[in-house]
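Quick notes on the structure that follows.
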Amino acid sequence: MEINYPDAKRKTTFEEGLEFQDFVADILHREMGLVITNYSSRKWQFNIGENRQGIEIKLDRRILETGNVSIEIGEKSRADLSQYTPSGIFRNDNSWLYIQGNYEIIFIFAKKILCLLANSGKYRIDTLPTIQRFLLPLSIAERYAAKTLRPKDLGYNNES
């Protein structure tokens, strides 16, 4: 499914996310025996979720640089729209696992835990032109993640 983000800083943002999703899917299969069946069509993604297993995967390039995991809670397809649509952990779909990270560190969270943390009022909420997110400090993310993976420690090189 081809998607364009007209307000993205880089035109390759969507493709970069797909490549990371494939990278994580490969790690999950090799290391944990989890096989992900991604939905390709807009209809299935919107009506059910990203995949049959209910696993959402997000690329967050700047985790180590910022010291925060940037968890999506709302989005707009264009900056000029007035309303944000619930997305990420607040999207009403089949997801129960939320995987976020980059080629150096990957967090596997229970989606319910992230919703509780987001609604706790303890963490900063950022509103950008096309996305709303809450910022979870790295130390808190490591505490609440069901699992933390470091691909290099598992023998994967960056962007394999």
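For the sequence shown, this note's numbering begins at 57 and goes up steadily by one.
Glycine is no exception: its CB is placed at the ideal position from the N, C-alpha and C atoms.
Query                                                                                                        : Result
Top-ranked residue by Cα proximity to S133, from D78, G211, T186                                             : T186
I181 classed as buried or exposed, judged by whether at least 16 other C-beta atoms fall within 10 angstroms : exposed
Secondary structure of N166, DSSP reduced to three states                                                    : Note that residue 166 corresponds to Ala in the displayed sequence, not to Asn. A166 falls in the strand class under three-state DSSP.
Closest by C-alpha distance to L205, when choosing among I164, I196, T141, Q188                              : I164
Through-space distance from I111 to M57, alpha-carbon basis                                                  : Bear in mind that a pLDDT of 45 at M57, under 50, signals an unreliable position, so the number given afterwards is only what the model happens to contain. Approximately 18 Å between the Cα atoms of the pair.
Closest by C-alpha distance to F76, when choosing among D116, N103, V91, Y95                                 : D116
Supposed close pair L172, Y154 - CB separation, criterion 8 Å                                                : Wrong, their Cβ atoms sit about 12 Å apart, outside the cutoff.
Three-pair Cβ contact test at 8 Å for the region 81 to 97 versus the region 130 to 145                       : no
Separation of N158 from A202, as counted between CA atoms                                                    : 17 Å
N-terminal and C-terminal residue of the alpha helix (DSSP H) that G73 is part of                            : 69 to 83
Residue ranges of each beta strand (DSSP E) within the region 130 to 208, 3 or longer                        : 153 to 157, 162 to 166, 181 to 183, 187 to 193, 203 to 205
Proximity below 8 Å, CB of N124 to CB of L210                                                                : no
Residue environment, N107, which counts as buried when at least 16 other CB atoms sit within 10 Å            : buried
Three-state secondary structure assigned by DSSP to N213                                                     : coil
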